[in-house]
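Have a look at the structure below, then the notes.
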Amino acid sequence: MKFIRQKIKSLLSNETGATAIEYGLLVSLIALAITGALSTIGDEFSNTLTTVGTAIEESQN
């Protein structure tokens, strides 16, 4: 019985898994922020290229 109590205490005091989960959540949040930023930048860059392309086409007419 004493062995079981010691094992339960050991499991309840072990925070290694919690730390790994926290780091995983942090990495996920950073990846989400980077994805959102790149998506916004990509849209703006695409609009800029479209504007430049249109200006080039109009200058040839």
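For what it's worth, this note's numbering labels the leading residue of the sequence shown as 95, then goes sequentially. Glycine is no exception: its CB is placed at the ideal position from the N, C-alpha and C atoms.
In the DSSP annotation of this structure, the continuous segment of the alpha helix (DSSP H) that includes E151 starts and ends at T110 to Q154. Excluding its 5 nearest sequence neighbours in each direction, M95 has no C-beta neighbour in its own chain below 7 Å. The alpha-carbon of S140 is positioned some 30 Å away from that of L120.
A straight line joining the alpha-carbon of I115 with that of S122 spans about 10 Å.
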